[in-house]
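Asker: As you go down the protein sequences, you meet chains A and B in turn.
Using the numbering used here, read the first sequence as starting at 92 and increasing by one per residue.
Using the numbering used here, read the second sequence as starting at 92 and increasing by one per residue.
For every residue, glycine included, the Cβ atom is placed at its ideal position computed from N, Cα and C.
A quick note: this is a predicted structure, and the numbers were derived from the prediction, not measured.
Number of protein chains: 2
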Amino acid sequence: MSVTLKDVAKQAGVSAVTVSKVVNGNDQHISQETRAKIQKIVKQMGYVPNAVAKGLKVKRTNMLGFLLPDISNSFFPDVARGIEDTAKRYGFGVVMCNTDDDAQQETEQIRFLTSRMVDGIVFVRALKRSNMDQLFDSGLPVVIVDREIEIKNDGVGQIFVDTRRGIHESTKLLIDRGCRKIAFISANYSAKYDRYQGYCSALEEAGIALDPLRVYQDHYDVKTGYEGMQVILGRSQIDGVVCGNDMIAVGVLNALKERKIEIPQQVKVIGFDDIYLSRYLSPPLTTVYQPAYQMGASAAKMLIDHILYGNPLYKKSLDFELRIRESV
Amino acid sequence: MSVTLKDVAKQAGVSAVTVSKVVNGNDQHISQETRAKIQKIVKQMGYVPNAVAKGLKVKRTNMLGFLLPDISNSFFPDVARGIEDTAKRYGFGVVMCNTDDDAQQETEQIRFLTSRMVDGIVFVRALKRSNMDQLFDSGLPVVIVDREIEIKNDGVGQIFVDTRRGIHESTKLLIDRGCRKIAFISANYSAKYDRYQGYCSALEEAGIALDPLRVYQDHYDVKTGYEGMQVILGRSQIDGVVCGNDMIAVGVLNALKERKIEIPQQVKVIGFDDIYLSRYLSPPLTTVYQPAYQMGASAAKMLIDHILYGNPLYKKSLDFELRIRESV
DNA sequence: GTGAAAGCGCTAACAA
DNA sequence: TTGTTAGCGCTTTCAC
Chain A
92 MSVTLKDVAK
102 QAGVSAVTVS
112 KVVNGNDQHI
122 SQETRAKIQK
132 IVKQMGYVPN
142 AVAKGLKVKR
152 TNMLGFLLPD
162 ISNSFFPDVA
172 RGIEDTAKRY
182 GFGVVMCNTD
192 DDAQQETEQI
202 RFLTSRMVDG
212 IVFVRALKRS
222 NMDQLFDSGL
232 PVVIVDREIE
242 IKNDGVGQIF
252 VDTRRGIHES
262 TKLLIDRGCR
272 KIAFISANYS
282 AKYDRYQGYC
292 SALEEAGIAL
302 DPLRVYQDHY
312 DVKTGYEGMQ
322 VILGRSQIDG
332 VVCGNDMIAV
342 GVLNALKERK
352 IEIPQQVKVI
362 GFDDIYLSRY
372 LSPPLTTVYQ
382 PAYQMGASAA
392 KMLIDHILYG
402 NPLYKKSLDF
412 ELRIRESV
Chain B
92 MSVTLKDVAK
102 QAGVSAVTVS
112 KVVNGNDQHI
122 SQETRAKIQK
132 IVKQMGYVPN
142 AVAKGLKVKR
152 TNMLGFLLPD
162 ISNSFFPDVA
172 RGIEDTAKRY
182 GFGVVMCNTD
192 DDAQQETEQI
202 RFLTSRMVDG
212 IVFVRALKRS
222 NMDQLFDSGL
232 PVVIVDREIE
242 IKNDGVGQIF
252 VDTRRGIHES
262 TKLLIDRGCR
272 KIAFISANYS
282 AKYDRYQGYC
292 SALEEAGIAL
302 DPLRVYQDHY
312 DVKTGYEGMQ
322 VILGRSQIDG
332 VVCGNDMIAV
342 GVLNALKERK
352 IEIPQQVKVI
362 GFDDIYLSRY
372 LSPPLTTVYQ
382 PAYQMGASAA
392 KMLIDHILYG
402 NPLYKKSLDF
412 ELRIRESV
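1. Below 7 Å on C-beta distance, what does residue 313 of chain A contact in chain B?
2. Use the C-beta contact count for residue 156 of chain B: other C-beta atoms within 10 angstroms, 16 or more gives buried, fewer gives exposed.
3. Do you know whose CA, among A:307, A:264 and A:297, lies nearest residue 276 of chain A's CA?
4. Around the C-beta of residue 303 of chain B, are 16 or more other C-beta atoms found within 10 angstroms, so that it is buried, or is it exposed?
5. Check the Cβ of residue 203 of chain A against every Cβ in chain B and list those closer than 7 Å, keeping chain order.
6. Can you name, in chain order, every residue of its own chain whose Cβ lies under 6 Å from the Cβ of residue 315 of chain A, other than the five neighbours on each side?
7. Is residue 286 of chain A helix, strand or coil when you go by DSSP?
8. Does residue 118 of chain A come out as helix, strand or coil in the three-state DSSP assignment?
9. Using the C-alpha atoms, what's the distance from residue 110 of chain B back to residue 136 of chain A?
10. Tell me which residue opens and which closes the beta strand (DSSP E) that residue 155 of chain B is part of.
11. Going residue by residue through the region 355–417 of chain A, where are the continuous alpha helix (DSSP H) segments of at least 4 residues, counting only ones entirely within it?
12. Whose CA, out of B:253, B:133, B:238 and B:230, lies closest to the CA of residue 245 of chain B?
13. When the cut-off is 8 Å and only beta carbons count, does residue 147 of chain B lie next to chain A?
14. Using CA coordinates, which residue listed in A:381, A:226, A:330 and A:234 is at the minimum distance from residue 255 of chain A?
15. Who are residue 213 of chain B's beta bridge partners in DSSP?
16. Just mark residue 298 of chain B as buried or exposed, buried being the case when its beta carbon has 16 or more other beta carbons within 10 Å.
17. Compare the beta carbon distance of residue 406 of chain A and residue 173 of chain A with 8 Å and say whether it is the shorter of the two.
18. Looking only at its own chain, which residues have a Cβ that is under 6 Å from the Cβ of residue 390 of chain A, when we skip the five neighbours before and after it?
19. Given this structure, state the Cα-to-Cα distance separating residue 377 of chain B from residue 384 of chain A, to the nearest angstrom.
20. Touch check for the region 189–196 of chain B and the region 153–171 of chain B: three-plus C-beta pairs under 8 Å?
21. What is the DSSP secondary structure of residue 278 of chain B, reduced to helix, strand or coil?
22. Go to residue 298 of chain B, then tell me how far its alpha helix (DSSP H) extends in each direction, as first and last residue.
23. Using a beta-carbon distance cut-off of less than 9 Å, what residues from the region 129–143 of chain B approach chain A?
24. For residue 158 of chain B, which residues from the same chain have a beta carbon less than 8 Å from its beta carbon, with the 5 sequence-adjacent residues on both sides left out?
25. Quick check on the DSSP output: what are the complete alpha helix (DSSP H) runs of length 4 or more inside the region 121–191 of chain A, in order along the chain?
26. Using the DSSP secondary-structure output, state which residues sit across from residue 332 of chain A in a beta bridge.
27. Could you run through the region 334–351 of chain A and flag, in chain order, every residue whose CB is less than 9 Å away from some CB of chain B?
28. Going by DSSP in three states, residue 322 of chain A sits in which element: helix, strand or coil?
29. In chain A, which residues lie less than 9 Å from residue 168 of chain B when you measure between Cβ atoms?
30. Since residue 183 of chain B and residue 153 of chain B should fall inside the 8 Å C-beta cutoff, what is the C-beta to C-beta distance between them, to a whole number of angstroms?
31. To the nearest angstrom, report how far apart residue 337 of chain A and residue 355 of chain A are at their CA atoms.
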C-alpha cells in the first residue's frame, strides 16, 4: 500500500494535521524547521496525497465530467483537448462520457458522474431533446458547449458559436460567387437559431426563393452528405451546396465526383467546422472554422473559475471564421 | 446535499449496514419485507451511492486511466471509444490524460492518476522513451496499447498489431503491383520491431536494394508526409510510397498532386491505420487497417478482468487488414 | 436477519 | 506553533 499522511507524520514525529498543513501550503504558522523536516520526509517516502480521501472530506474532487455525443466525431477531440489542458492547469482531471446522442445514455452518464462527485460538467447535448432539467436543476455546475440550447435555468453556462450567422455567411459566400440554386444539407436538429435559419435568411436577403427540394436533413455524418446529394441531384438542379458540417461536405464532394460534376466550376461546396483534414481534401474545402479547442478551453475555465472562486457562469459566443479554399 | 445511506436508513427505520447490503445485492440474509421497503425508499428518495466514499473504503474506485499522446490524433478517438464502451459495461469510468508524447507530462499524469486511485491504466506510450518502469513497478495494472514495447516486467498487459508485418505486407503490395523504387515515410520511432523493419524486409525479400535517399522519418503527421515527399522527390526517383500512417499519406498525396504526379499511375501510395476519412480522399487511400476500437475494447476488458477477477494480464496481437482502394 | 463498531485517508474547527 | 477531535459516506467484521 502507498504512503499516507499518517506514515509521514509518524516518521517526522509530528501529527498528521501538521503534515497536511505543510503539504497543502497552509504553512503560515508552522516553524521553518518542522516544515523543512516534513518536506524532506515527504520527498523521501514519495508521499502522494490521496485525492479520493481528500475529495470525500472537502467535497471537491477536482474532477470535471465531459459529456458528449461521440469522441470519434472529428469535431470533439479538439474540444476535449481544450478542456483537458485547461483543467490540468488547475489540477483538475477530466472523465469522458459518450452518449451517442442518446437520451437514456445521457441520463445514465449524468448519474454516473454525479455518483463520482465531479465538481462540474462540460456538456454537449444529444441531438434529440433529452431530459436535461434534471441535470440543470441538480445544482451541479454545467457549461454547455457547441449545441445551443434555450435554457430557463440561468445557473448554466454556455459557450457557443453563432452557427445561424455562420451558415448565413457561408450561404452568402456562395451567393456572392454567383450561385442561385443552392442546396442545404445538414442534421435534423431543431433549435430556434439553427443552421437552417441561417440558410433561409441568406437566401431571403438575396431575394432567392427557398426550394424545399434542395434541402436534406439527417445526421452530421458523411453518409448524410453523400445520400443527401444523391437525393437532391435526383430531383433538382443546383449550383452550390451549403453543408451543416465538414463530414457532410466530404460526402457531398464524393457524390459530386462520382457524377463527374466539377467542383467548383459546376457546383460550389462549403462546409462547417474546419476539421483538420478539410484543407487536404480535393479540392481543399472552403468552410467555416469553429474554434473547437478554444470552446473546450473556455468552457473548462468558466467552470473551474466558478467552482474555485464562485465566479458566476455566463453565456459567451465565440467567433467563427470563413476559411476560403478551392471548393467555391 | 445529496441523499446518503444514513438518510435512507433513517427513513426506513433500519441501520445503514442493512441498506448497504440491499443496495449492493448482498441480500441473502435480509428479509423480503425489509428489502422491499428499502428498495422502495431508495427509489423514492432518489438515492445514488457515493462512489468516492465507496472507493476510499474498498480501495477500488472503478476508474480507469487512459494515458495517450493526443486525443486529437485521428487514431485515438476510436481507441477511446473502445475503452469507454467496455469500461461502462462493467460500471467503470475513464479519465483521459494526454501526454503530447512528452516524458515529463507522462510522469505527471501517472502521478495524477495514482493520486486518484484509478484501478488500472490503458497506456499508449510517448514516442520518446520515457521512464515507464516507475509505472510498471508501481503495481498498478497497466495494459499497453498500440505502440509495442519490450518490457521486462511481465505484470504488464499488451494489445498490439504487428506493425512490422503490416508494413511488410503494404510494401509487398506495392512491389507486387510493379513498384521498384519505393519510398518510406514514417515517424522517427525506434523499436526493435518497427515499421521500418517491415519495409526493409519486404524490399530484401524482393531483392530490391534499400536506398536511404528514399527514406524519411519524422512524425506521424501530415507535415511529415508533405515535407518528406518533397525532400525525397528532390533527391531520388520513386514509383511508390509506403507511409507509416494515414496522416502521413495525406501529406504525401498532397505533395504529389501539387507536382501533378498522377496517383496511382506514376506513383502508388499506401497508408496505415485506415482512419475514417481515408476512404474519402482522392484517390481513396489504400491502407492497412488497424482495429483501433477493438484495441481499446480488448485492453479495457483485459484490465477489468484483472481488477475484478484477478485474471492475469497477457500479450495479444490483433489482426490488421489490407484495405485496397484506388491509390495503388 | 440485523446492527454496532471501527476505520479507509484526509482536513476543519478548535484547543492547548 | 502544534495537536485533538470529529466526521466525510461507505463497508467489513463480528456480535446479537
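Answerer: On the basis of the coordinates in this document:
1. Within chain B, the residues near residue 313 of chain A are 371.
2. buried
3. A:307
4. exposed
5. 184
6. 309 and 339
7. Three-state result, residue 286 of chain A: helix.
8. coil
9. 39 Å
10. 154–159
11. Listed in chain order, they are 383–400.
12. B:230
13. yes
14. A:381
15. In the DSSP output, where bridge partners are listed per residue, residue 213 of chain B has B:157 and B:234.
16. exposed
17. no
18. Within the same chain, residue 390 of chain A has close Cβ partners 213, 234, 236 and 250.
19. Distance between the alpha carbons of residue 377 of chain B and residue 384 of chain A is about 31 Å.
20. yes
21. Of the three classes helix, strand and coil, the one that applies to residue 278 of chain B here is strand, per DSSP.
22. Where residue 298 of chain B is concerned, there is no enclosing alpha helix (DSSP H), given that its DSSP letter is neither H nor E.
23. 139, 140, 141, 142 and 143
24. 188, 190, 197, 200, 201, 204, 212, 213, 214 and 215
25. 123–136, 142–149 and 167–180
26. A:274 and A:360
27. Of all residues in the region 334–351 of chain A, the ones placed with a Cβ closer than 9 Å to any Cβ belonging to chain B are 338, 341, 342, 344, 345 and 348, in chain order.
28. In this structure, residue 322 of chain A counts as helix in the three-state DSSP scheme.
29. 161, 162, 163, 164, 165, 167, 168 and 171
30. 5 Å
31. 16 Å
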